[in-house]
Structures are given as structure tokens and as C-alpha cells.
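All residue numbers for the sequence shown refer to my numbering, where the first residue is 468 and numbers rise by one.
Glycine is no exception: its CB is placed at the ideal position from the N, C-alpha and C atoms.
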Amino acid sequence: MRTVISNVKRYLTILLLLTLALPLNANELYDLLNEAAQHSPALLAAKWRVEQQLLRHQELQEFFDPSLYVAAGQAERARSLPGASGYTNLANNATELQAGIDMPLDPGIYVAVGAAERLYNDIDGYDYLAQTLFGIKIRVPLLKDRGFAKHNLEREMALADYNAAVNQMLDAAQVLKREVTLAYIAAYEALSSYEVTKDATNRFQQLVSEARELYRLKVIPEYQIYDAQMDLQIGKENEEVARNRMELSLISLAALVGGHRKIKLQSGSDILFKIASETKALTELPLAEAFENRGSYQQIKNSIEYVRAQLASTLEDQKDDVTLHAGLSWQGEIHDDFGGSYRHITDRNVGADITVVWKRPLDYRGPRARKARFDARINQLKENLRAEAIAITRDIQHATNNFKTALTRIEIVSQGIQASERTVTAERERFRLGEGTSSSVTDAQKELTSLQHKRTSAAADLLRAKANFLFASGYNGNE
468 MRTVISNVKR
478 YLTILLLLTL
488 ALPLNANELY
498 DLLNEAAQHS
508 PALLAAKWRV
518 EQQLLRHQEL
528 QEFFDPSLYV
538 AAGQAERARS
548 LPGASGYTNL
558 ANNATELQAG
568 IDMPLDPGIY
578 VAVGAAERLY
588 NDIDGYDYLA
598 QTLFGIKIRV
608 PLLKDRGFAK
618 HNLEREMALA
628 DYNAAVNQML
638 DAAQVLKREV
648 TLAYIAAYEA
658 LSSYEVTKDA
668 TNRFQQLVSE
678 ARELYRLKVI
688 PEYQIYDAQM
698 DLQIGKENEE
708 VARNRMELSL
718 ISLAALVGGH
728 RKIKLQSGSD
738 ILFKIASETK
748 ALTELPLAEA
758 FENRGSYQQI
768 KNSIEYVRAQ
778 LASTLEDQKD
788 DVTLHAGLSW
798 QGEIHDDFGG
808 SYRHITDRNV
818 GADITVVWKR
828 PLDYRGPRAR
838 KARFDARINQ
848 LKENLRAEAI
858 AITRDIQHAT
868 NNFKTALTRI
878 EIVSQGIQAS
888 ERTVTAERER
898 FRLGEGTSSS
908 VTDAQKELTS
918 LQHKRTSAAA
928 DLLRAKANFL
938 FASGYNGNE
């Protein structure tokens, strides 16, 4: 139980995990993660599974619960059968009522206390004889006791199950944090794309107004207005698509948080690029440490521990059992009432017995088959563990490469935007002077819009790469 308590303390950090936010907007993301910890069905279900496994440890204490035994019956010419078990032995040619309490006690003995009242009929010399019996019986396993050994193995299995449940909750918390963070980044990416599209539409609208004024002044022909109007309508359609994409991203984010309220973003659309520009290089850690941090990896290890306990229980079934039985009893008799302490057909009130019993199974087909099955299960889980290690290593490498690529993309696109803004300004000036065309201006504006979208995408990819890296590394307890 001490191990269980220490694990509870260790994994209280699961709840803290959800408060360690990627610094996009620390307070806003912190609030969303905190809400997700309280309302996410997946995480709450994992918490209840931990509660179930914790209660199972208390449930296993029933092994030490005393059991009450009561029997009543009549026997005539009864004969005991050596080696039989599970049968009640009554006194021969008598009507009997017997009761007792049986219980196991640490460090590994079984104690039974009982009493009986017998009524003999037609016994030699008496037409009526009552017999009262009190006694205590102790059973001491001389080899490793199978009952206590199996109880301890059940506790090991329960502990492995509990640890697996805790690590499943850790994995659920890590997955939830990653999904909420990625959805949060996606929402700001959609917002930024929407704002970029709106700005593009406004530029097209200004171009149409300028084209009409220049046509009125006879600077340009009328057909140049139509090109600008066509691009304006396409821009409005793109703006509507971007607006819908932004709304859908907020709906998806709200669903991950728990679906209990509508979410509104608090920061502006430029937050993505601002935070991406301030993001530092990734702090790598040894792979072995990343494996230890990941709930999914630890859960498989706990499953291996569980199957190993099952295997040990199967091996216990194949062991010999040598047990010492010792008893002490008091018996009294009376021929005309009940509860007497006289001696009529027995010469002493106090009696004792001692027996050594050896027992072993004659066939191991079941245990052998179970052992082979558990060995195969352990090999399967080891391969699952290896596959998880490979997947974690792959995810870390992918995230690292994507992070470096996104940094380079941001630098390249930022330089392109500066050149594109100068090109738009130059084309608009040529158009006002009648030296250029509206299509040249719209082409330049489209290139600017495209580069702005690319910068938004690169910034979002950078933050996504960091979120994926932190997830793959198990958040390392401090990110």
C-alpha cells in the first residue's frame, strides 16, 4: 500500500502538466488547459479508472476477512474418505449442530475456532447422550503457502494495474495538452489567415475605387475596372471561406476543452508571428528520459509487470504443498441434558491432534498452457514497447526537423514580404500614372497575400513543431 501512496504523490504532477502551457498566450492557454482538465471526458474517464484500481487494493484485503461456518445434519454409519476435500464430517450415528469461524492471519497461518453439539441415539449403555465440543485448529504451511503467495501476487497484479491506470491518465493528460495546444495554434492560424484575406479584399476594393476614378479621368480604359472587380469578388469568396474556417477551428477547440462554452480568442492575429519570432531553440534530452516521461511507454511496462505476476501465479500452481495441522479441543458429555462436562464414553475432556499433509497436482496441463500463453504475451508487450520507443524517437526527430525548417521558412518569407510590399507600391504608382494595368497591381497584391499566408503557416508550423516535440519528449516535467 505504501507503494500505491508514493505513486499517488508522484503522479499528482499529471494535473500540473496541464497548467504548463506553450507560451503562445500563457494566461489564455492556461485557462483553456485548466478547463480541459475539469471537463474533458477522456481525462475524467482516466481519473475514474485510477480510482477503480485504487479501490481494488482495499478490496483485496477481503482475503483476511473471517468466514462463518454452520452445519447441521444427521449421520448413520458414516465413514470418512481419505484424501477427500470440501465435505463436512459429522459424528456417526448422531444428530449434530456445529459452527465455527475460520480466518487467515499474518505472517501465514490459518486459525479456526469452532463448537458443536451432538445428540447420540441408541449408543451402547445409553438411550440418550449429548456431547458438547469446543476447539481450535491451526494450519501452518511449511513450504511457501499457496494461499498467501497467491494473495501477494494478486496484490502485485493490482499494483501493476493501478500503475497502468495512472500512466494511462498521464498519457491522456499529455495527449489532451497536445491536442488543445495544437487546436489553439490552429485557431490563431485561422484567425491570422482570415485577417490576411480581409486585408487582401480591402486592397482589391481600393483598387476598384482607384480604377473607376482613373477611368473617369480618362487615364485608363474601362476594361481595367473589370479585372479589378473580378479579383475583388474572388477575394470576398476567399474571405468567407477563411471566416468559416476560423469559426470551425473555434468549435473544434471548444470540443476539446469539454464543449461547455463558446470560445473567443483574446489576442490579435499577429500573435503567431510575434511568438514564433521569440521562440528559442528546442532543448533536447536523452531518449531514455523521454521514454520515462511518456505515459504510453510506462503503461506498456506496467502491463508487462502485470503479466509477470500472472506468470508467477501459474508457477505457484505447480509447487508442492506441505502443511502442518494442529488442534486442541475440549469435550464434555451428559446423558439427560445439554452442555454437560461429564465423561461417559470418553476418558478425558481435553484432546489434541497433529498432522502433516503433503499435496501436489498430478497433471500440469493447465499451468503449462497458461505459462506458455503468458510467455507469449510478455514477448508481445516487449515488441509493443519497442514499437513505442521507435515511434517516440521518430516523433522527436520529425518535430526537430520541422522546427528547424519552419525557422528557415520564416526568415525567407519575411524577406519576400518586404520585397513584395515594395512591388505592390510600385505597381500601384505605375497604375495611377497610367503606365501599368490593374491586373499587374492585382498580381502583385496576390503575391503579397500568398507570402503573408506562407508566413502565417510557417509561424504556426514552428509552434506546432515545438508542441509536438514537447509531447514526444513527455514534456520533461518543466515545459
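Three-state secondary structure (DSSP) of His811: Position 344 of the sequence shown, counting from 1, holds the residue named residue 811. It is coil, neither helix nor strand.
Simplified DSSP assignment, three categories, for Gly726: By 1-based counting over the sequence shown, the position of residue 726 is 259. Here Gly726 sits in coil by DSSP.
Neighbourhood of Thr562 by C-beta distance below 6 Å, restricted to the same chain and skipping five residues each side: Along the sequence shown, one-based indexing puts residue 562 at 95. Counting only Cβ-Cβ distances below 6 Å, and skipping sequence neighbours, we find Gln541, Leu586.
Ala566 - DSSP class collapsed to helix/strand/coil: Here residue 566 is taken as the residue at index 99 of the sequence shown, counted from 1. The answer is strand: DSSP assigns Ala566 an E or B state.
Proximity to Asn630 [Cα-Cα], best of Leu564, Gln520, Lys703, Glu689: Locating residue 630 in the sequence shown gives position 163, counting from the first residue. Measuring from the Cα of Asn630, the nearest candidate turns out to be Gln520.
For Trp797: DSSP bridge partner residues: The sequence position of residue 797 within the sequence shown is 330, counting from 1. Paired residues: Phe601, Val817.
Three-way DSSP call (helix, strand, coil) for Tyr831 in this model: Locating residue 831 in the sequence shown gives position 364, where the first residue counts as 1. The three-state reading of DSSP puts Tyr831 in coil, since its state is none of H, G, I, E or B.
Classification of Ile568 by the beta-carbon crowding that lies within 10 angstroms, buried from 16 upward: Residue numbering aside, residue 568 sits at position 101 when the sequence shown is read from its first letter. With fewer than 16 Cβ atoms within 10 Å of its Cβ, Ile568 is classed as exposed.
Three-way DSSP call (helix, strand, coil) for Ser534 in this model: To locate residue 534, count along the sequence shown from 1; it is residue 67. In the structure shown, Ser534 sits in a strand (DSSP, three-state: E or B).
For Ala558, the three-state DSSP class (helix, strand or coil): As a first step, residue 558 must be located in the sequence shown, where it is residue number 91. Coil at Ala558, not helix or strand.
Cβ shell of Glu696 (< 6 Å), same chain only, five flanking positions each side left out: Locating residue 696 in the sequence shown gives position 229, where the first residue counts as 1. The residue asked about is misnamed: residue 696 is Gln in this sequence, not Glu. Closer than 6 Å at Cβ, skipping near neighbours: Val675.
Sub-7 Å separation of Asn868 and Leu752 beta-carbons: Residue 868 sits at position 401 when you count from the first residue of the sequence shown. Residue 752 sits at position 285 when you count from the first residue of the sequence shown. Between Asn868 and Leu752, the CB-CB gap reaches or exceeds 7 Å.
Within 7 Å, strictly: CB atoms of His920 and Val663: Translated into positions along the sequence shown, residue 920 becomes position 453. Translated into positions along the sequence shown, residue 663 becomes position 196. The answer is yes: Cβ separation under 7 Å.
Nearest to Asn711 (by Cα), restricted to the options Glu518, Ser660, Ser736: Your numbering for residue 711 matches position 244 in the sequence shown. For Asn711, the nearest C-alpha among the options comes from Ser660.
Rounded separation between Ala911 and Val891 - CA only: Counting from one through the sequence shown, the residue named residue 911 turns up at place 444. Counting from one through the sequence shown, the residue named residue 891 turns up at place 424. Computed Cα separation, rounded: 5 Å.
Buried versus exposed, by CB contacts within 10 Å (16 or more), Ala926: Numbered from its first residue, the sequence shown carries residue 926 at position 459. Counting Cβ neighbours within 10 Å, Ala926 comes out buried, since at least 16 surround it.
Residue from Ala566, Phe601, Gln565, Ile605 whose Cα sits closest to the Cα of Ile576: Reading the sequence shown from its first residue, position 109 is the one you call residue 576. Considering only Ala566, Phe601, Gln565, Ile605, the residue with the shortest C-alpha distance to Ile576 is Ile605.
Three-state secondary structure assigned by DSSP to Val663: Here the question's residue 663 lines up with position 196 in the sequence shown. Correct three-state label for Val663: helix.
8 Å contact criterion, which Leu929 and Ile884 should meet: CB distance rounded: Locating residue 929 in the sequence shown gives position 462, counting from the first residue. Locating residue 884 in the sequence shown gives position 417, counting from the first residue. About 16 Å; that fails the 8 Å criterion.
Sufficient close CB pairs (3 or more, under 8 Å) joining the region 714-726 to the region 816-827: The region 714-726 vs the region 816-827: no contact.
Ala748 (DSSP reduced to helix, strand or coil): Counting from 1 along the sequence shown, the entry for residue 748 is found at position 281. Three-state DSSP puts Ala748 in coil, outside helix and strand.
Segment limits, alpha helix (DSSP H) that includes Arg931: On the sequence shown, position 464 is the one that residue 931 refers to. Arg931 -> alpha helix (DSSP H) spans 905-939.
CA nearest to the CA of Asn619, picked from Gln528, Leu699, Ile801, Tyr693: Here residue 619 is taken as the residue at index 152 of the sequence shown, counted from 1. Closest option to Asn619, Cα to Cα, is Gln528.
Which of helix, strand or coil DSSP assigns to Pro490: For the purposes of this step, residue 490 is identified with residue 23 of the sequence shown, where counting begins at 1. Since pLDDT at Pro490 reaches only 47, below the 50 mark, its modelled position is unreliable, and the value read off the structure follows with that caveat. Of the three classes helix, strand and coil, the one that applies to Pro490 here is coil, per DSSP.
C-alpha gap between Ile857 and Pro508, whole angstroms: Here residue 857 is taken as the residue at index 390 of the sequence shown, counted from 1. Here residue 508 is taken as the residue at index 41 of the sequence shown, counted from 1. Whole-angstrom Cα-Cα distance: 29 Å.
Test item: CB-CB of Leu791 and Val607 under 7 Å: Here residue 791 corresponds to residue number 324 of the sequence shown, with the count starting at 1. Here residue 607 corresponds to residue number 140 of the sequence shown, with the count starting at 1. With respect to the 7 Å criterion, Leu791 and Val607 are classified as neighbours on the basis of their beta carbons.
Straight-line Cα distance separating Ala627 from His524: Mapped onto the sequence shown, residue 524 falls at position 57. Mapped onto the sequence shown, residue 627 falls at position 160. Going by the C-alpha atoms only, they are around 11 Å apart.
Assigned secondary structure, Val675 (DSSP; H/G/I helix, E/B strand, else coil): Start at 1 with the first residue of the sequence shown, and residue 675 comes out as number 208. In this structure, Val675 counts as helix in the three-state DSSP scheme.
Continuous alpha helix (DSSP H) stretch holding Ile771: start and end: Taking the first residue of the sequence shown as position 1, residue 771 is located at position 304. For Ile771, the enclosing alpha helix (DSSP H) stretches over residues 762-783.
Buried/exposed call for Thr668, threshold 16 Cβ in 10 Å: The count along the sequence shown starts at 1 and reaches residue 668 at position 201. It is buried - the Cβ of Thr668 has at least 16 other Cβ atoms within 10 Å.
Whether Ser907 touches Glu894 by CB criterion (7 Å): Along the sequence shown, read from residue 1 onward, the residue named residue 907 stands at position 440. Along the sequence shown, read from residue 1 onward, the residue named residue 894 stands at position 427. For Ser907 and Glu894, yes; Cβs fall inside 7 Å.
Inter-residue Cα distance where the pair is Val647 and Gly941: Reading the sequence shown from its first residue, position 180 is the one you call residue 647. Reading the sequence shown from its first residue, position 474 is the one you call residue 941. For Val647 and Gly941, the distance between alpha carbons rounds to 16 Å.
Status (buried if at least 16 other CB within 10 Å, exposed otherwise) for Arg815: Working through the sequence shown from its first residue, we reach residue 815 at position 348. Exposed.
Status (buried if at least 16 other CB within 10 Å, exposed otherwise) for Leu499: Here residue 499 refers to the residue found at position 32 when the sequence shown is read from its first residue. Looking at its Cβ environment, which holds 16 or more other Cβ atoms inside 10 Å, Leu499 is buried.
Assigned exposure category for Phe758 - 16 Cβ within 10 Å defines buried: Taking the first residue of the sequence shown as position 1, residue 758 is located at position 291. By the neighbour-count rule (16 or more Cβ atoms within 10 Å), Phe758 is buried.
Whole-angstrom distance between Lys665 and Arg897, CA atom to CA atom: Indexing the sequence shown from 1 puts residue 897 at position 430. Indexing the sequence shown from 1 puts residue 665 at position 198. Rounded to the nearest angstrom, the two C-alpha atoms are 24 Å apart.
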